[in-house]
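Working notes for the structure below.
Protein chains: 6
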Amino acid sequence: MPTLADIVTELESRYDPRWAESWDAVGLVCGDPAAEVRKILFAVDPVAVVAEEALDWGADLVVTHHPLYLRGTTSVAATTSKGRLIQTLIKNDIGLFTAHTNADVADPGVSDALARAVGLTGPLVPLSPAADDPRRGLGRVGSLPEPVSLAEFTRQAARGLPATAGGLRVAGDPDRAVQRIAVSGGSGDSLLGTARAAGVDVFLTADLRHHPASEFMENSGGPALIDAAHWATEWPWLADAAHHLASASAARGITVETRVSETVTDAWNTTAKCEDFT
Amino acid sequence: MPTLADIVTELESRYDPRWAESWDAVGLVCGDPAAEVRKILFAVDPVAVVAEEALDWGADLVVTHHPLYLRGTTSVAATTSKGRLIQTLIKNDIGLFTAHTNADVADPGVSDALARAVGLTGPLVPLSPAADDPRRGLGRVGSLPEPVSLAEFTRQAARGLPATAGGLRVAGDPDRAVQRIAVSGGSGDSLLGTARAAGVDVFLTADLRHHPASEFMENSGGPALIDAAHWATEWPWLADAAHHLASASAARGITVETRVSETVTDAWNTTAKCEDFT
Amino acid sequence: MPTLADIVTELESRYDPRWAESWDAVGLVCGDPAAEVRKILFAVDPVAVVAEEALDWGADLVVTHHPLYLRGTTSVAATTSKGRLIQTLIKNDIGLFTAHTNADVADPGVSDALARAVGLTGPLVPLSPAADDPRRGLGRVGSLPEPVSLAEFTRQAARGLPATAGGLRVAGDPDRAVQRIAVSGGSGDSLLGTARAAGVDVFLTADLRHHPASEFMENSGGPALIDAAHWATEWPWLADAAHHLASASAARGITVETRVSETVTDAWNTTAKCEDFT
Amino acid sequence: MPTLADIVTELESRYDPRWAESWDAVGLVCGDPAAEVRKILFAVDPVAVVAEEALDWGADLVVTHHPLYLRGTTSVAATTSKGRLIQTLIKNDIGLFTAHTNADVADPGVSDALARAVGLTGPLVPLSPAADDPRRGLGRVGSLPEPVSLAEFTRQAARGLPATAGGLRVAGDPDRAVQRIAVSGGSGDSLLGTARAAGVDVFLTADLRHHPASEFMENSGGPALIDAAHWATEWPWLADAAHHLASASAARGITVETRVSETVTDAWNTTAKCEDFT
Amino acid sequence: MPTLADIVTELESRYDPRWAESWDAVGLVCGDPAAEVRKILFAVDPVAVVAEEALDWGADLVVTHHPLYLRGTTSVAATTSKGRLIQTLIKNDIGLFTAHTNADVADPGVSDALARAVGLTGPLVPLSPAADDPRRGLGRVGSLPEPVSLAEFTRQAARGLPATAGGLRVAGDPDRAVQRIAVSGGSGDSLLGTARAAGVDVFLTADLRHHPASEFMENSGGPALIDAAHWATEWPWLADAAHHLASASAARGITVETRVSETVTDAWNTTAKCEDFT
Amino acid sequence: MPTLADIVTELESRYDPRWAESWDAVGLVCGDPAAEVRKILFAVDPVAVVAEEALDWGADLVVTHHPLYLRGTTSVAATTSKGRLIQTLIKNDIGLFTAHTNADVADPGVSDALARAVGLTGPLVPLSPAADDPRRGLGRVGSLPEPVSLAEFTRQAARGLPATAGGLRVAGDPDRAVQRIAVSGGSGDSLLGTARAAGVDVFLTADLRHHPASEFMENSGGPALIDAAHWATEWPWLADAAHHLASASAARGITVETRVSETVTDAWNTTAKCEDFT
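Chains as they are written, first to last, in the numbering used here: chain W, 1 to 278; chain R, 1001 to 1278; chain F, 2001 to 2278; chain G, 3001 to 3278; chain P, 4001 to 4278; chain A, 5001 to 5278.
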């Protein structure tokens, strides 16, 4: 049976920790490298419901996209939800591993899975290529087989992404013809200018706030915007990462069991519509 | 007829520029203090559709909540949407005045109007009181006349706020009884900890992102969250500010005509629901 | 039986975490506040031999002077000695609590115990009083009952401190008469100027390096210096803290068993003398 | 007739905005890129008397060396002299364009014109060459046809520069023979060390203050210094820039009319001599 | 005979080193506190010609307004003019003492002497009062006995100040009536806004550069400006400081001989007028 | 007879000042480049006893490893021990020259001499090679002819280094076999990680403090540590530098007399052992 160290080696060969941003915190968060690992759960967020799912299923390792401690901590006491998570994982011999911005910029990475989920076909190129290797980078730009209306592409994207309370929010003329599409899993504020410069028809991402989004739309001639739940844009990557790990391990004669968590860890559970002025 | 300088004096007596945050940019953005002012349009955002509305209506002054240039500019050339706005306003003798964080912390201010719009009754106190005068401050805490379910309060808030594509997003148990409510117009990320410390049942604000919102909900026992459109949370204040200006002016024997823009300047115009896993 | 939360409350009533330096990391490092605590081990350093001692003795809590993570960590995986310590402690239900600079400045604190250990009698006052309460502060100044030679005081200090490989190093005329003495547990570089200004005859501390010490001695007329092992200067405090906790708990009808670790965690285990020039 | 955008393109092909210092603010300050431009006024400073000259002459564009807003502004209201200038220019359809440190380092640039004005002949090389292209850079070094006394060169420089109240101030032995000369338009404090290292006989610049100038002269063996009015050292460049624009435009079949402002915008209008000790 | 330590004590009782700016370097620069002092030379700048004058006269101490090393040095080797000065002074047993920004803000201080030199009568108050004692501060504001034209006041100031090559430069209408005058010895850029706010008719100072001065004059309605040589504005203080030291010493029965250097250490030795356009 | 400038040139050809760290202060501290130099004293520290030795011996120049003013000073008055040193040296025409981090990284440099002193034979390579020339760098790694116990190597090192009160402190199993050794003269805290990465058996250096040393030893599998007096680790270099200077000068037909100071300038003069617990 493989050890945790073996699995970490395998994951880091695909999601090299040196690719992570300098402010990021990736890699093994808890667990003993010598422990044996048979069952691996993939999830977006390292939160209590995911730990419960891991416990129930008997997982030896949880792989998440988001770090538990993005900024360093000096305490893991069970006085916070994060400390309780650490206590639970350690006491139950479950490791925690994070692939965050190193998975974002991998090839294939988080935005490749997102691009495929919303129906982009053909080759995908990074929206913001990495300086040292332009095949990697943040976001992806791809195309639809033929132009469709923004409304039609929105319906297609909605069909491809997992359901959340908020769904998709769209800024742009629904009748506009779109074909060339940029996507970026997670918060996309910082890529708005890059998406405009890339000359795409749509930029689909998450966590866009009023000021960046409205300033972007105020300067006419740029892409339409689609804002999805942060969680929903990163979830498609889990299956890709799980599949890769299982097959790469199999190629070495190692059997691991993987599972993608379907628990929605988006904060919002319901919505309501406001009143028109009339 | 009053001059622009007179109107600025009146507005700044209610929204003292010294109350603004150090990073903010409030006050007169363009216009000649000696110009005469008769018609004043109130709007949330200084954008092209608002300028057109001002032109059509014959406004002499536009009062907005958001600054045009939050960070300084070295050019107002008509090569950007902001420069075009300045050119349009100056060429048509329309002034632009901003009351932003000084209106947020005024008494009454932006969050008082929001609190009333979502149905809070009785006294309102600042969520984060100003150091130098605790009657002023960010956000407001108030109460409902009697406890209702979170679902019921959400419906009531939705009825009180102007319609936007995204409406409201809610995090929390819909059946939870709620009575003590905190609200804060605009982006509320930075007040999440304060809202928890205040022990309220709900915190209604805007522009909450995945990480702050989901970490907040992960630590159980805190308030439910309601996230509205940034624009919708600040719009209720416009009528209050317009009304005050008109009546304060009338008390000095000065007649000004005010109008609140009903143009929705939220970026999002449509939404779509994503697919369930099943 | 008391909970960990009870013990933390008791310890923090004597070593208030608000007294700690801004760069410090004090308080509970791991453990569940709801766990029951019966046996408490006190030690200077949170290291593997101390964890083994805790395990062997059946401790529920280890109280150390030094933080485990002075700078924050984003991983407690068992890939480092610190992560292994955390894994060991959590798996064996042993909490870890740190009182560092808050214990240094407490009244009585780390340097009071050191002062008594080296034979100072009568009242002790802080060498560098805290701004908000001059009864607290870094270091202590006290006196000997009557003047003795520096050589004699050095012998007395050596008798009062636990043995380490390096013992004491002394700078100053052995025949100099000394009576007024400053001591500071742990690294004392930053207090050299304060000790000179205080006009004492000797400053006893630890971890003095060549440049600060030789520049200090180069300016004549100041105190003699005695440099002890960092560990040895802080060890006397453990008994004081353990005694206080036991008696304060007893006063509330709570029985806890305390023990002071006698394991030397100074790095150096042997010494050698170098050759004279002759 | 050319548009403002055409003229900007022409000016920026000679004074590339990428050459400007990172702290500088160059390019179009106000105006509409689509406006037609026939008459262009060149001046050192964007001040009220220059705007009046532009209005009187019917200029469509003012090109200045100094930025209006070197640091960004959040208001162009007519409550400051700069805001009044913007209002005047926009209301009268006059654009404002700045070429500052990008003109300083251009080839030919501001200091080439200065060098010729004070009588340097033959080739000119940058005093502080640009890292990416040594033909460009700050200041110029050139030569006189034959050595003359410092007094003689001072008279020659005075004849070549436009009159200001303060004229030239000279530090150095009037009888010293000089031939190799460095010049730098505008404030030259930061180039004093470079001028010394270049081994020139004279360094002519502006805005030298007591401490840099007297420390420079205190270290013997370096160049003599000549300090002129900041305005006077940059004024010669205006004719060169105007001439270039007109001829480059003509070469494209475009006729523009240019004019160099002769209004002195140096602050000082009179002088007085102080008393000797005797 | 007094020691250098006695003289330092006397000087620092009038020019307290704690009043100096945090970036300043005041007090004793070289010399032995135990040395005897009989003859003291006062000068603005610590430069070679001043050291020669001290040697020729047989001075034991030089008191200057400007620091030798404003920023710290790690070498006093005779490889620079400053190192040569130190070597000369030490080898000839001459001390060097500086009173800089502590003399600026003293009462009376540098600007009091300047104010009297240009003919202000009656009480003088600081232009920018010190926070801890409003009787001290930078600059002085005083009045003329009756209003005169700016031209007349300029002539009067020129008569009162020692001659330098550049004399005075004046910005403002020569016929303007002036009575309330602010003066500040040395570089006055940073006090321009304060002078405007003080509502004076003239601000006389030194080292004004093009941008601050011309922006100041561009905003109409403020004071006229007079720019003198930095050296000339501080020279009047020397006699005041010398007189005080001699009389305070005499009051203690100590005889010291003082002398004010008349050597002009302004950098500029000649001037020239430029050509008019005509 | 050579001038001081000649000697500086010779020393800097071997210890290039450009190799020094950016925070360091190397080169000539006082002295006149034109002075003649016949006798040169080499010492580790620029302190009073060394200056006395220089005076007694009639030295013209003192070469030290440590800078007098690592941070810049604004005063060399005889009010501090450093100022008194400068006064003494200048008044007696003795220059002071420092080769510090430029000597550390030279080839051969400070750690080469240390390596030979403790008995390393064969080739030495830098522990932390300089980026621009890997033959230079901090520390040295070398080998013993055959493996010996740590206890035996400690005795050998003690025989090779000059005596100080504290001697050597050792961390590690005395029976451990060691052969590959890293040494670094002076404070070695910052090289601990490098020494571990180099895979050596022992790291001998100075001024190690409790936290770095005990954390280092807590992570098992690394080198043993030997901590010597800072002064003792740098003293062996003096003879090497003196010998080089004399022979390089002789090769140019110049005779200089050199001497290595044997005065111990380590701060500690006596030691004492503490009590065991028993």
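C-beta: ideal position from N, C-alpha, C; glycine also.
Cα-Cα separation between Leu3235(G) and Pro1162(R), rounded to whole angstroms
In the sequence as presented, Leu is not what sits at residue 3235(G); that position holds Trp. In a straight line, the C-alpha of Trp3235(G) is about 58 Å away from that of Pro1162(R).
Would you say Ala3272(G) and Leu4114(P) are within 9 Å of each other, going by their C-beta atoms?
no
Would you tell me roughly how many angstroms separate the C-alpha atoms of Gly160(W) and Phe1097(R), rounded to the nearest one?
45 Å
Extent of the continuous beta strand (DSSP E) to which Leu4070(P) belongs
Here Leu4070(P) belongs to no beta strand (DSSP E), and DSSP marks it neither H nor E.
Report the option in Asp1104(R), Glu1146(R), Asp1006(R), Lys1091(R) whose CA atom is closest to the CA atom of Thr1121(R).
Glu1146(R)
Please name the residue in Pro126(W), Leu124(W), Ala106(W) whose C-alpha comes closest to that of His244(W).
Ala106(W)
Is it a yes or a no for the region 5002-5010 of chain A touching the region 5067-5086 of chain A, going by three-plus beta-carbon pairs under 8 Å?
no
Short CB-CB distance (under 9 Å) between Phe2216(F) and chain A
yes
Where Gly2221(F) meets chain A, residues with beta-carbon distance less than 8 Å
Result: empty, since nearest Cβ-Cβ is about 10 Å, beyond 8 Å.
Using a cut-off of 7 Å between C-beta atoms, extract the partners of Lys4091(P) located in chain G.
In chain order: nothing, as chain G lies at least about 19 Å away.
Let me see if you follow: with CB-CB separation under 9 Å, is Val4029(P) close to chain A or not?
yes
Buried or exposed (CB count within 10 angstroms, at least 16 for buried), Ala4177(P):
exposed
Any beta-carbon of chain F closer than 9 Å to the one on Thr5154(A)?
yes
Residues that Cys30(W) bridges to, as DSSP identifies them:
Leu96(W)
According to a CB-to-CB cut-off of less than 8 Å, which residues of the region 4245-4276 of chain P neighbour chain G?
Glu4262, Thr4265, Asp4266, Ala4267, Trp4268, Asn4269, Thr4270, Thr4271, Ala4272, Lys4273, Cys4274, Glu4275, Asp4276
Could you spell out where the alpha helix (DSSP H) holding Thr5101(A) opens and where it closes?
5101-5104
Residues near Trp4019(P) in its chain [Cβ-Cβ closer than 6 Å; skip 5 each side]:
Asn4102, Val4105
When burial is assigned at 16 or more other CB atoms within 10 Å of the CB, is Pro4134(P) buried or exposed?
exposed
Could you have a look at Asp173(W) and say whether DSSP puts it in helix, strand or coil?
coil
So Ile1181(R) packs on Gly1142(R), CB below 8 Å; how close in whole Å?
6 Å
Check each candidate in Leu1150(R), Ala1130(R), Pro1126(R), Thr1064(R) and name the one with the smallest Cα separation from Gly1139(R).
Pro1126(R)
Boundaries (first-last residue) of the beta strand (DSSP E) holding Leu5150(A):
Run containing Leu5150(A): none in the beta strand (DSSP E); it sits in the alpha helix (DSSP H), 5150-5160.
Please report how far the alpha carbon of Thr4154(P) lies from the alpha carbon of Asp4175(P), in whole angstroms.
11 Å
Tell me where the beta strand (DSSP E) around Leu41(W) begins and ends.
39-43
Could you confirm whether any beta carbon from chain F is found closer than 9 Å to the beta carbon of Ile7(W)?
no
If we count Cβ pairs, one from each stretch, closer than 8 Å, do we get three or more for the region 30-41 of chain W versus the region 58-66 of chain W?
yes
Starting from Glu52(W) and walking both ways along the alpha helix (DSSP H), at which residues does that stretch end?
48-57
Any Cβ of chain F within less than 9 Å of the Cβ of Tyr15(W)?
no
Arg5209(A) touches chain F at which residues, Cβ-Cβ below 8 Å?
Ser2187, Asp2207, Arg2209, His2230
Cβ-Cβ separation, Gly4027(P) to Pro4293(P) (assumed contact under 8 Å), whole Å
Any question about residue 4293(P) goes unanswered here, given that chain P covers just 4001 to 4278.
Count the other C-beta atoms from every protein chain shown that fall within 10 angstroms of the C-beta of Pro3123(G), then say buried if there are 16 or more, exposed otherwise.
exposed
Cβ pair count under 8 Å reaching 3, the region 43-53 of chain W against the region 81-91 of chain W
yes
For Arg3018(G), which residues in chain R fall below 8 Å Cβ to Cβ?
Per Cβ cutoff of 8 Å: no residues; Arg3018(G) is ~16 Å from chain R at best.
Classification of Arg4209(P) by the beta-carbon crowding that lies within 10 angstroms, buried from 16 upward
buried
Have a look at Trp4231(P) and Ala4157(P) and give me their C-alpha separation to the nearest angstrom.
15 Å
Are Ala2025(F) and Leu2055(F) close, meaning C-beta to C-beta below 9 Å?
no
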